[in-house]
Amino acid sequence: MGILMRRVRRALSERAALVHPSLQPSSYVMLAHLIEAGPRRSADIAEAFDLDKGAVSRQVQHLVELGLVERTPDPADGRATILTATTEAKDRVDQVSRLRIEQLDERLAEWTAEDLDELVSRFSRYNATLDER
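Residue numbering for the sequence shown follows our numbering, starting at 703 and increasing by one per position.
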């Protein structure tokens with residue numbers, strides 16, 4: 703399991719650097735979530751990642767400074783802001799995702815469909831087991 707975790711950390715670091723050289727892996731994960739989930743308030747992101755609002759605020763500020771996220775006033779609550787991934791961020795993350803898929807396709811080319819199905823099944827079971835606690 704340790705090898706898998708190191709590979710995941712390395713892959714996230716590589717993806718983050720491809721999006722922007724100064725992007726931290728944890729901010730990359732947050733950015734990818736924002737792209738997938740759509741515009742959100744910081745509080746929604748904090749809840750999704752089980753983080754305190756201060757930690758989210760620092761990461762969001764970093765993403766804004768890199769030009770990857772924009773803040774706009776929340777029309778439902780003037781005190782809050784809505785966070786939106788910029789078009790540039792979406793394009794970069796999409797490009798990095800396509801590259802990663804190509805790399806995985808190459809590395810797993812010799813795996814059968816059954817092998818891949820079994821891997822997905824085992825990881826699904828693993829995740830479900832961890833979610834039970």
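Idealized CB from N, CA, C, for every residue including glycine.
Under the three-state DSSP convention, the category residue i falls into
| i | result |
| --- | --- |
| T774 | strand |
| G740 | coil |
| L785 | strand |
| M703 | coil |
| Q805 | helix |
| G756 | helix |
| T714 | Note on identity: in this sequence residue 714 is Leu, with Thr being the wrong assignment. Reduced to three states, the DSSP call for L714 is helix. |
| E834 | coil |
Pairwise C-alpha distance: residue j and residue i
| i | j | result |
| --- | --- | --- |
| I784 | D819 | 38 angstroms |
| I737 | R708 | 25 angstroms |
| S729 | D817 | 32 angstroms |
| I705 | D807 | 20 angstroms |
Buried or exposed (CB count within 10 angstroms, at least 16 for buried), residue i
| i | result |
| --- | --- |
| R824 | exposed |
| R717 | buried |
| Q805 | exposed |
| A778 | exposed |
| V762 | buried |
Cβ pair residue i, residue j closer than 8 angstroms
| i | j | result |
| --- | --- | --- |
| V731 | R794 | no |
| L733 | V766 | no |
| H735 | I747 | yes |
| L725 | L753 | no |
| R711 | P727 | yes |
| A739 | K755 | no |
| D776 | R743 | yes |
| T786 | T774 | yes |
DSSP beta-bridge partners of residue i
| i | result |
| --- | --- |
| D779 | D776 |
The ligand ADP heavy atom lying under 7 angstroms from the CB of residue i
| i | result |
| --- | --- |
| V710 | By its list of ligands, the structure shown contains no ligand whatsoever, and the ligand ADP lies outside what it can speak to. |
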